[in-house]
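To keep things clear, I will list the structure first and then write my remarks on it.
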(Lines of atoms letter the chains of each structure in order from A and count residues from 1; the text may use other names and numbers.)
(Lines give C-alpha, C1' and ligand atoms only; values in the text may rest on other atoms or scores of the structure.)
Protein backbone atom coordinates (compact mmCIF):
# COMPACT_ATOMS: atom_id res chain seq x y z
CA UNK A 1 0.00 0.00 0.00
CA UNK A 2 1.37 3.37 -1.01
CA UNK A 3 2.04 5.83 1.75
CA UNK A 4 0.23 9.14 1.78
CA UNK A 5 2.47 11.97 0.67
CA UNK A 6 1.90 15.69 0.76
CA UNK A 7 3.18 16.08 -2.81
CA UNK A 8 0.59 13.62 -4.16
CA UNK A 9 -2.14 15.38 -2.22
CA UNK A 10 -1.13 18.76 -3.65
CA UNK A 11 -0.97 17.26 -7.14
CA UNK A 12 -4.51 15.90 -6.99
CA UNK A 13 -5.78 19.02 -5.26
CA UNK A 14 -4.28 21.17 -8.01
CA UNK A 15 -5.78 19.01 -10.75
CA UNK A 16 -9.18 19.13 -9.05
CA UNK A 17 -8.94 22.90 -8.68
CA UNK A 18 -8.23 23.26 -12.41
CA UNK A 19 -10.56 20.68 -13.95
CA UNK A 20 -13.46 20.42 -11.49
CA UNK A 21 -15.02 23.75 -12.57
CA UNK A 22 -14.88 22.59 -16.20
CA UNK A 23 -16.60 19.33 -15.28
CA UNK A 24 -19.32 21.20 -13.38
CA UNK A 25 -19.85 23.50 -16.36
CA UNK A 26 -20.23 20.54 -18.72
CA UNK A 27 -22.72 18.86 -16.37
CA UNK A 28 -24.83 22.00 -16.01
CA UNK A 29 -24.89 22.45 -19.77
CA UNK A 30 -27.31 19.49 -19.75
CA UNK A 31 -29.50 21.08 -17.06
CA UNK A 32 -33.16 21.28 -18.11
CA UNK A 33 -33.86 24.24 -15.84
CA UNK A 34 -33.44 27.84 -17.00
CA UNK A 35 -31.86 28.62 -13.64
CA UNK A 36 -28.26 27.49 -13.71
CA UNK A 37 -28.18 27.15 -9.91
CA UNK A 38 -31.18 24.77 -9.82
CA UNK A 39 -30.88 21.26 -11.21
CA UNK A 40 -33.93 20.32 -13.27
CA UNK A 41 -32.87 17.03 -14.82
CA UNK A 42 -30.97 16.08 -17.94
CA UNK A 43 -31.79 17.72 -21.26
CA UNK A 44 -30.21 18.54 -24.63
CA UNK A 45 -32.52 21.46 -25.41
CA UNK A 46 -29.83 24.09 -24.80
CA UNK A 47 -27.56 22.45 -27.36
CA UNK A 48 -30.45 22.30 -29.83
CA UNK A 49 -31.28 25.92 -29.06
CA UNK A 50 -27.80 27.01 -30.11
CA UNK A 51 -28.75 26.40 -33.74
CA UNK A 52 -31.42 29.11 -33.46
CA UNK A 53 -29.14 31.60 -31.69
CA UNK A 54 -27.50 33.17 -34.74
CA UNK A 55 -25.77 35.89 -32.76
CA UNK A 56 -24.04 33.50 -30.37
CA UNK A 57 -23.08 30.97 -33.04
CA UNK A 58 -21.78 33.76 -35.25
CA UNK A 59 -19.46 34.91 -32.48
CA UNK A 60 -18.28 31.32 -31.94
CA UNK A 61 -17.41 30.80 -35.61
CA UNK A 62 -15.78 34.22 -35.74
CA UNK A 63 -13.62 33.48 -32.72
CA UNK A 64 -12.56 30.08 -34.09
CA UNK A 65 -11.68 31.66 -37.44
CA UNK A 66 -9.59 34.38 -35.82
CA UNK A 67 -7.89 31.85 -33.52
CA UNK A 68 -6.91 29.60 -36.45
CA UNK A 69 -5.49 32.48 -38.47
CA UNK A 70 -3.70 33.82 -35.40
CA UNK A 71 -2.08 30.45 -34.66
CA UNK A 72 -0.75 30.16 -38.23
CA UNK A 73 0.58 33.73 -38.41
CA UNK A 74 2.02 33.69 -34.88
CA UNK A 75 3.91 30.44 -35.51
CA UNK A 76 5.39 31.84 -38.73
CA UNK A 77 6.43 35.20 -37.27
CA UNK A 78 7.51 33.77 -33.92
CA UNK A 79 9.70 31.15 -35.58
CA UNK A 80 11.44 33.77 -37.72
CA UNK A 81 12.01 35.96 -34.65
CA UNK A 82 13.36 33.00 -32.66
CA UNK A 83 15.70 32.06 -35.49
CA UNK A 84 17.06 35.62 -35.64
CA UNK A 85 17.57 35.72 -31.87
CA UNK A 86 19.40 32.38 -31.66
CA UNK A 87 21.21 31.92 -34.98
CA UNK A 88 21.99 35.36 -36.43
CA UNK A 89 24.96 36.12 -34.19
CA UNK A 90 26.21 39.07 -36.27
CA UNK A 91 23.01 41.04 -35.73
CA UNK A 92 24.16 43.97 -33.58
CA UNK A 93 20.67 44.95 -32.50
CA UNK A 94 19.80 41.47 -31.25
CA UNK A 95 19.42 42.57 -27.62
CA UNK A 96 17.07 45.40 -28.54
CA UNK A 97 15.18 43.14 -30.93
CA UNK A 98 14.80 40.50 -28.22
CA UNK A 99 13.39 43.09 -25.85
CA UNK A 100 10.89 44.27 -28.45
CA UNK A 101 9.82 40.69 -29.21
CA UNK A 102 9.21 39.77 -25.57
CA UNK A 103 7.68 43.14 -24.58
CA UNK A 104 4.06 41.94 -25.10
CA UNK A 105 4.66 39.25 -22.45
CA UNK A 106 5.10 41.81 -19.67
CA UNK A 107 2.98 44.62 -21.09
CA UNK A 108 -0.53 44.92 -19.59
CA UNK A 109 -3.14 44.01 -22.18
CA UNK A 110 -4.98 47.26 -21.53
CA UNK A 111 -1.90 49.23 -22.58
CA UNK A 112 -1.35 47.01 -25.62
CA UNK A 113 -4.99 47.29 -26.67
CA UNK A 114 -5.04 51.07 -26.28
CA UNK A 115 -1.78 51.41 -28.22
CA UNK A 116 -3.09 49.30 -31.09
CA UNK A 117 -6.36 51.24 -31.14
CA UNK A 118 -4.48 54.54 -31.45
CA UNK A 119 -2.27 53.01 -34.15
CA UNK A 120 -5.23 51.85 -36.24
CA UNK A 121 -6.98 55.21 -35.87
CA UNK A 122 -3.83 57.10 -36.90
CA UNK A 123 -3.25 54.80 -39.89
CA UNK A 124 -6.86 55.21 -41.01
CA UNK A 125 -6.46 58.98 -40.95
CA UNK A 126 -3.09 59.00 -42.73
CA UNK A 127 -3.36 56.28 -45.37
CA UNK A 128 -7.01 55.29 -45.19
CA UNK A 129 -6.30 51.77 -43.94
CA UNK A 130 -7.88 50.05 -42.14
CA UNK A 131 -11.11 51.66 -43.29
CA UNK A 132 -12.93 50.16 -40.32
CA UNK A 133 -12.06 48.00 -37.35
CA UNK A 134 -13.22 44.41 -37.45
CA UNK A 135 -11.95 40.85 -37.83
CA UNK A 136 -8.76 41.99 -39.57
CA UNK A 137 -7.71 44.36 -36.79
CA UNK A 138 -8.50 41.72 -34.15
CA UNK A 139 -6.36 39.22 -36.05
CA UNK A 140 -3.45 41.68 -36.26
CA UNK A 141 -3.70 42.44 -32.54
CA UNK A 142 -3.83 38.77 -31.56
CA UNK A 143 -0.93 37.90 -33.88
CA UNK A 144 1.19 40.67 -32.36
CA UNK A 145 0.43 39.39 -28.88
CA UNK A 146 0.83 35.65 -29.53
CA UNK A 147 4.00 35.87 -31.62
CA UNK A 148 5.95 36.72 -28.47
CA UNK A 149 4.91 33.45 -26.82
CA UNK A 150 5.86 31.44 -29.90
CA UNK A 151 9.23 33.19 -30.11
CA UNK A 152 10.06 32.28 -26.50
CA UNK A 153 9.02 28.63 -26.91
CA UNK A 154 10.83 28.12 -30.21
CA UNK A 155 13.96 29.97 -29.00
CA UNK A 156 14.27 27.57 -26.09
CA UNK A 157 14.05 24.61 -28.46
CA UNK A 158 16.57 26.07 -30.93
CA UNK A 159 19.13 26.60 -28.16
CA UNK A 160 18.88 22.90 -27.25
CA UNK A 161 19.52 21.60 -30.77
CA UNK A 162 22.78 19.98 -31.75
CA UNK A 163 24.25 22.27 -34.41
CA UNK A 164 26.55 19.50 -35.65
CA UNK A 165 23.64 17.90 -37.53
CA UNK A 166 22.92 21.08 -39.48
CA UNK A 167 26.64 21.74 -40.03
CA UNK A 168 27.12 18.21 -41.35
CA UNK A 169 24.29 18.70 -43.83
CA UNK A 170 25.79 21.96 -45.08
CA UNK A 171 29.23 20.34 -45.34
CA UNK A 172 27.67 17.76 -47.64
CA UNK A 173 26.45 20.54 -49.95
CA UNK A 174 22.94 21.27 -48.69
CA UNK A 175 21.74 24.85 -49.06
CA UNK A 176 20.86 26.77 -45.86
CA UNK A 177 17.18 26.98 -46.80
CA UNK A 178 17.10 23.23 -47.45
CA UNK A 179 18.74 22.52 -44.10
CA UNK A 180 16.19 24.76 -42.40
CA UNK A 181 13.13 23.08 -43.94
CA UNK A 182 14.36 19.46 -43.96
CA UNK A 183 16.36 19.31 -40.72
CA UNK A 184 15.67 22.26 -38.43
CA UNK A 185 11.89 22.41 -38.85
CA UNK A 186 11.34 18.68 -38.11
CA UNK A 187 13.52 18.93 -35.00
CA UNK A 188 11.59 21.92 -33.62
CA UNK A 189 8.17 20.56 -34.68
CA UNK A 190 7.05 19.88 -31.06
CA UNK A 191 7.75 23.48 -30.09
CA UNK A 192 5.92 24.72 -33.18
CA UNK A 193 2.90 22.63 -32.22
CA UNK A 194 3.07 23.91 -28.64
CA UNK A 195 3.32 27.50 -29.84
CA UNK A 196 0.42 27.02 -32.22
CA UNK A 197 -1.81 25.53 -29.54
CA UNK A 198 -0.87 28.29 -27.11
CA UNK A 199 -1.63 30.96 -29.71
CA UNK A 200 -4.96 29.33 -30.55
CA UNK A 201 -5.98 29.21 -26.89
CA UNK A 202 -4.83 32.77 -26.14
CA UNK A 203 -6.67 34.17 -29.15
CA UNK A 204 -9.83 32.24 -28.36
CA UNK A 205 -9.74 33.45 -24.76
CA UNK A 206 -8.83 37.10 -25.35
CA UNK A 207 -11.31 39.77 -24.28
CA UNK A 208 -9.28 42.91 -23.60
CA UNK A 209 -7.51 43.32 -26.94
CA UNK A 210 -10.63 42.44 -28.93
CA UNK A 211 -12.67 44.97 -26.97
CA UNK A 212 -10.30 47.76 -28.03
CA UNK A 213 -9.76 46.93 -31.72
CA UNK A 214 -13.11 45.39 -32.71
CA UNK A 215 -15.86 47.16 -34.58
CA UNK A 216 -19.54 46.68 -35.45
CA UNK A 217 -20.30 43.13 -36.51
CA UNK A 218 -17.04 41.67 -35.21
CA UNK A 219 -18.06 40.58 -31.71
CA UNK A 220 -16.04 37.58 -30.53
CA UNK A 221 -17.18 34.83 -28.19
CA UNK A 222 -15.49 36.23 -25.04
CA UNK A 223 -17.12 39.61 -25.72
CA UNK A 224 -20.50 37.95 -26.21
CA UNK A 225 -20.14 35.89 -23.03
CA UNK A 226 -18.96 38.88 -21.00
CA UNK A 227 -21.91 40.99 -22.10
CA UNK A 228 -24.32 38.13 -21.39
CA UNK A 229 -23.10 37.20 -17.89
CA UNK A 230 -23.63 40.73 -16.63
CA UNK A 231 -27.33 39.89 -16.67
CA UNK A 232 -26.76 36.38 -15.29
CA UNK A 233 -25.28 33.19 -16.67
CA UNK A 234 -27.56 31.67 -19.30
CA UNK A 235 -27.74 27.92 -19.98
CA UNK A 236 -26.75 28.55 -23.61
CA UNK A 237 -23.42 29.93 -22.39
CA UNK A 238 -22.66 26.65 -20.59
CA UNK A 239 -23.55 24.70 -23.72
CA UNK A 240 -21.41 26.73 -26.10
CA UNK A 241 -18.52 26.76 -23.61
CA UNK A 242 -18.70 22.96 -23.41
CA UNK A 243 -18.57 22.72 -27.20
CA UNK A 244 -15.55 25.04 -27.30
CA UNK A 245 -13.87 22.93 -24.62
CA UNK A 246 -14.50 19.81 -26.69
CA UNK A 247 -13.16 21.48 -29.85
CA UNK A 248 -9.98 22.68 -28.15
CA UNK A 249 -9.44 19.26 -26.55
CA UNK A 250 -9.74 17.49 -29.91
CA UNK A 251 -7.43 20.02 -31.57
CA UNK A 252 -4.87 19.63 -28.78
CA UNK A 253 -5.01 15.83 -28.91
CA UNK A 254 -4.42 15.64 -32.66
CA UNK A 255 -1.64 18.23 -32.51
CA UNK A 256 0.07 16.25 -29.74
CA UNK A 257 -0.47 12.96 -31.59
CA UNK A 258 1.02 14.11 -34.88
CA UNK A 259 3.90 15.90 -33.14
CA UNK A 260 4.69 12.71 -31.21
CA UNK A 261 4.60 10.62 -34.38
CA UNK A 262 6.91 13.06 -36.14
CA UNK A 263 9.35 13.00 -33.22
CA UNK A 264 9.36 9.18 -33.10
CA UNK A 265 9.88 9.02 -36.86
CA UNK A 266 12.80 11.43 -36.61
CA UNK A 267 14.41 9.39 -33.81
CA UNK A 268 14.03 6.17 -35.80
CA UNK A 269 15.60 7.81 -38.85
CA UNK A 270 18.55 9.05 -36.79
CA UNK A 271 18.98 5.63 -35.17
CA UNK A 272 18.84 3.90 -38.54
CA UNK A 273 21.40 6.31 -39.99
CA UNK A 274 23.73 5.70 -37.05
CA UNK A 275 23.40 1.93 -37.43
CA UNK A 276 24.13 2.14 -41.16
CA UNK A 277 27.15 4.34 -40.51
CA UNK A 278 28.45 1.93 -37.87
CA UNK A 279 27.92 -1.04 -40.19
CA UNK A 280 29.77 0.67 -43.03
CA UNK A 281 32.64 1.57 -40.69
CA UNK A 282 33.04 -2.02 -39.50
CA UNK A 283 32.85 -3.29 -43.08
CA UNK A 284 35.58 -0.88 -44.14
CA UNK A 285 37.80 -1.97 -41.25
CA UNK A 286 37.22 -5.63 -42.04
CA UNK A 287 38.16 -5.08 -45.67
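In full-length UniProt numbering, the protein residues as written are 1 to 287.
Virtual Cβ for every residue (Gly too), placed ideally from N, Cα, C.
Because the structure is a prediction, the values reported are computed rather than measured.
| Asked | Found |
| --- | --- |
| Rounded C-alpha distance that separates residue 50 from residue 246 | 16 Å |
| Helix, strand or coil at residue 371 [DSSP, three-state] | A question about residue 371 goes unanswered here, because the residues of the chain that appear run from 1 up to 287. |
| Beta carbon of residue 255 nearer than 9 Å to that of residue 170 | no |
| Residues near residue 202 in its chain [Cβ-Cβ closer than 6 Å; skip 5 each side] | 146 |
| Start-to-end residues for the alpha helix (DSSP H) that takes in residue 139 | 135 to 160 |
| Residue 167: first and last residue of the uninterrupted alpha helix (DSSP H) it sits in | 163 to 171 |
| Nearest-angstrom Cβ-Cβ length linking residue 101 and residue 148, presumed shorter than 8 Å | 6 Å |
| Inside the segment 169 to 241 only - alpha helix (DSSP H) runs reaching at least 4 residues | 176 to 179, 189 to 205, 208 to 213, 221 to 229 |
| Cβ-based burial, residue 69 [other Cβ within 10 Å; buried from 16] | buried |
| Beta-carbon gap between residue 209 and residue 61 smaller than 9 Å | no |
| Identity of the residues DSSP links to residue 31 by a beta bridge | 42 |
| Inter-stretch contact (C-beta, 8 Å, three-pair minimum) for the segment 154 to 162 and the segment 83 to 98 | yes |
| CA nearest to the CA of residue 258, picked from 190, 221, 95, 214 | 190 |
| Same chain, Cβ closer than 8 Å to residue 105, neighbours up to 5 away in sequence not counted | 148, 149, 152 |
| Opening and closing residue of the alpha helix (DSSP H) in which residue 104 lies | 94 to 106 |
| Straight-line Cα distance separating residue 39 from residue 212 | 38 Å |
| Straight-line gap, residue 6 to residue 21 (C-alpha atoms, nearest Å) | 23 Å |
| Within 9 Å, strictly: CB atoms of residue 67 and residue 200 | yes |
| Reduced DSSP secondary structure (H/G/I, E/B, other) of residue 1 | Below a pLDDT of 50, predicted positions are generally treated as unreliable, and residue 1, at 48, falls in that range; no measurement from the model is reported. |
| Residue burial classification, residue 111 (beta-carbon count within 10 angstroms, cutoff 16) | exposed |
| Pair within 9 Å by beta-carbon distance, residue 299 and residue 41 | Outside the displayed span of the chain (1 to 287) sits residue 299, for which this structure offers no information. |
| Distance, residue 35 Cα to residue 76 Cα | 45 Å |
| Under the three-state DSSP convention, the category residue 252 falls into | helix |
| Range covered by the alpha helix (DSSP H) that runs through residue 124 | 109 to 126 |
| Beta-carbon gap between residue 293 and residue 14 smaller than 9 Å | Any property of residue 293 remains undetermined from this structure, which presents the chain solely from 1 to 287. |
| For residue 131, three-class secondary structure by DSSP | coil |
| Cutoff 9 Å: residue 172 Cβ touching any chain B Cβ | Of the protein chains in the structure, only one exists, and it is not chain B. |
| Three-way DSSP call (helix, strand, coil) for residue 91 in this model | coil |
| Rounded straight-line distance, which links the Cα of residue 87 to that of residue 182 | 17 Å |
| Residue burial classification, residue 293 (beta-carbon count within 10 angstroms, cutoff 16) | Residue 293 lies beyond the residue range present for the chain, which begins at 1 and ends at 287; the question has no answer from this structure. |
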